[in-house]
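All letters in the sequence shown, in the order written, are residues 1 to 196 by the numbering used here.
Working notes, beginning with the structure itself.
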Amino acid sequence: LARSEGLLLRYLTDAYKAMRQTVPEEARTEELADLIELMGELIREVDSSLLDEWERLVNPDAQQPNQQHQPKVTANPRALRVLVRNAMFRRVQLAARRRWDELGELDPSRLWDADRWHLSLEPYWQLHDEIRTDAGARSPELFIVEEGPGRWDVRQILDDPANYHDWAICAEVDLEASHRAGTAVLTVTTVEPLYR
């Protein structure tokens with residue numbers, strides 16, 4: 001297993017390097033740029049030695065990073081945004097399948113347990129027969145981030161079949177907790193209609 005993990009990490013690193021080196025800036029979409037940033041961040045979190053080795057080969061005169069002060073996920077806002085967006089969309093996917101228990105398990109504080117998710121989304125289900133989870137539902141236009149000191153307020157708008165886009169899952173991202181955890185730490189605050 002350890003050998004396979006190393007091999008997978010090497011392949012991911014090679015894919016990251018290839019995308020970074022061979023895709024011209026003018027050909028990069030926003031989604032591809034996000035993917036490149038996220039891959040780099042994931043590789044750094046698992047094992048930065050491969051990236052450090054590559055950077056030494058590409059730029060031998062560059063000063064090497066201090067191993068004791070490795071950048072955290074909050075040092076790369078673009079990568080953090082991708083992690084938050086993925087975490088929010090995971091909740092959309094579970095809500096679409098009405099997996100209340102799994103939604104409740106995502107909240108360690110248990111403030112948003114299965115019953116609260118079910119009750120919060122019941123009015124939505126009275127209006128609509130599905131929550132879309134296709135590429136359109138992942139659109140950047142349906143994910144809103146308001147960056148503030150120490151926290152981000154985020155909103156994932158639900159893609160309903162009528163295209164009203166009038167329901168959202170809202171959450172707070174604790175930047176200090178995310179910094180310590182090395183991943184996005186978010187707390188759902190509301191699941192409700194946007195217009196009353």
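Built from N, CA and C at the ideal position, the CB exists for glycine as well.
These numbers come from a predicted model, not from an experiment.
Query	Result
Taking contact to mean at least 3 C-beta pairs separated by less than 8 Å, is the segment 124-133 in contact with the segment 155-166?	yes
Per DSSP, what kind of secondary structure is Q126 in: helix, strand or coil?	helix
What are the boundary residues of the beta strand (DSSP E) that E146 is part of?	143-148
Please report how far the alpha carbon of T90 lies from the alpha carbon of A171, in whole angstroms.	The amino acid occupying residue 90 in the given sequence is Arg; Thr does not appear at that position. The straight-line gap from Cα to Cα measures roughly 13 Å.
Decide if W167 is buried, meaning its Cβ has at least 16 other Cβ atoms within 10 Å, or exposed.	buried
Compute the distance between the beta-carbons of A79 and L35, then report whether it is under 8 Å.	no
Anyone know if the C-beta pair for T74 and S178 falls short of 8 Å?	yes
Give every residue of the same chain whose Cβ lies closer than 8 Å to the Cβ of D107, excluding the five residues on either side of it in the sequence, and list them in chain order.	D113, T187, V188
Return the CA-CA distance between N163 and H118, expressed in angstroms with no decimal places.	22 Å
Between the beta-carbon of N76 and the beta-carbon of E41, is there less than 8 Å?	yes
Would you mind reading off the limits of the beta strand (DSSP E) that contains P193?	186-193
In the DSSP assignment, find the unbroken beta strand (DSSP E) run with A171 in it and report its ends.	167-174
Among residues of its own chain, excluding the 5 on either side of G150, which ones have a beta-carbon nearer than 8 Å to its beta-carbon?	D174, L175, E176
Which class does D107 belong to by DSSP, given the choice of helix, strand or coil?	coil
Run through DSSP, which three-state label would R180 get?	helix
Can you give me the start and stop residues for the beta strand (DSSP E) that V154 sits inside?	151-157
Would V23 and L32 be called neighbours here (beta carbons separated by less than 8 Å)?	yes
Grab the span of the alpha helix (DSSP H) containing P77 for me, first residue to last.	77-96
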